[in-house]
Amino acid sequence: MVQAMVLMKEAAEEHENVLDDPAPSVTFENFGDNALSLFLRAFLPSLENRVSTITDLHKAINHKFNEAGIVIAFPQRDIHLDTSDPLRISIEDARHLATGRDPV
291 MVQAMVLMKE AAEEHENVLD DPAPSVTFEN FGDNALSLFL RAFLPSLENR VSTITDLHKA
351 INHKFNEAGI VIAFPQRDIH LDTSDPLRIS IEDARHLATG RDPV
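For the sequence shown, this note's numbering begins at 291 and goes up steadily by one.
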C-alpha cells in the first residue's frame, strides 16, 4: 500500500498541470470489500484541463503500478454446486421477458 501511495503522488508531481503548492497528497481513505481505497488530491491552476488531467493521471498511475508489479485485484466469486444429484439444466427463451408475452 505504501508503494502504491508513493507512486500515485509521484505521478501527480510529474504532471505539468498539477500545482506544487498546495502539493499533491495521497490518503488511505477506507477498507473496501475487495480494496484498500487510496485517494489522490492534486490541485490545478484552473478547471479548464480538469478532465484531461484526471485521465492523464489515471493512465500514469496505471503505468507506474504495472511497472512496479502492483496488481489491482478485481472481485471474484466462487460458485458451489451440489453435485450429489445430477444437475438439471434447461434453456429457456428469454424473449418474453422484454415483451411481457410468452414466446410462440
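The beta carbon of each residue, even a glycine, is placed where N, CA and C say it ideally should be.
No experiment lies behind these values; they were computed from the predicted model shown.
Residue i versus residue j - alpha carbon distance
i: E306; j: T317; result: 22 angstroms
i: A350; j: D375; result: 52 angstroms
i: A302; j: V308; result: 6 angstroms
i: S315; j: A332; result: 7 angstroms
i: D383; j: L328; result: 44 angstroms
i: I362; j: L337; result: 29 angstroms
Host beta strand (DSSP E) of residue i (start-end)
i: F329; result: 326-331
i: V361; result: First-last for V361: undefined, no H or E at that position.
Distance cut-off 8 angstroms: residue i Cβ against heavy atoms of the ligand MN
i: T343; result: The ligand MN is not among the ligands present in this structure, which contains no ligands whatsoever.
Continuous alpha helix (DSSP H) stretch holding residue i: start and end
i: F355; result: 340-358
i: E304; result: 292-304
Sub-9 angstroms separation of residue i and residue j beta-carbons
i: M298; j: L326; result: no
Where residue i falls, given that 16 or more other Cβ within 10 Å makes a residue buried
i: L347; result: buried
Three-state secondary structure (DSSP) of residue i
i: E382; result: coil
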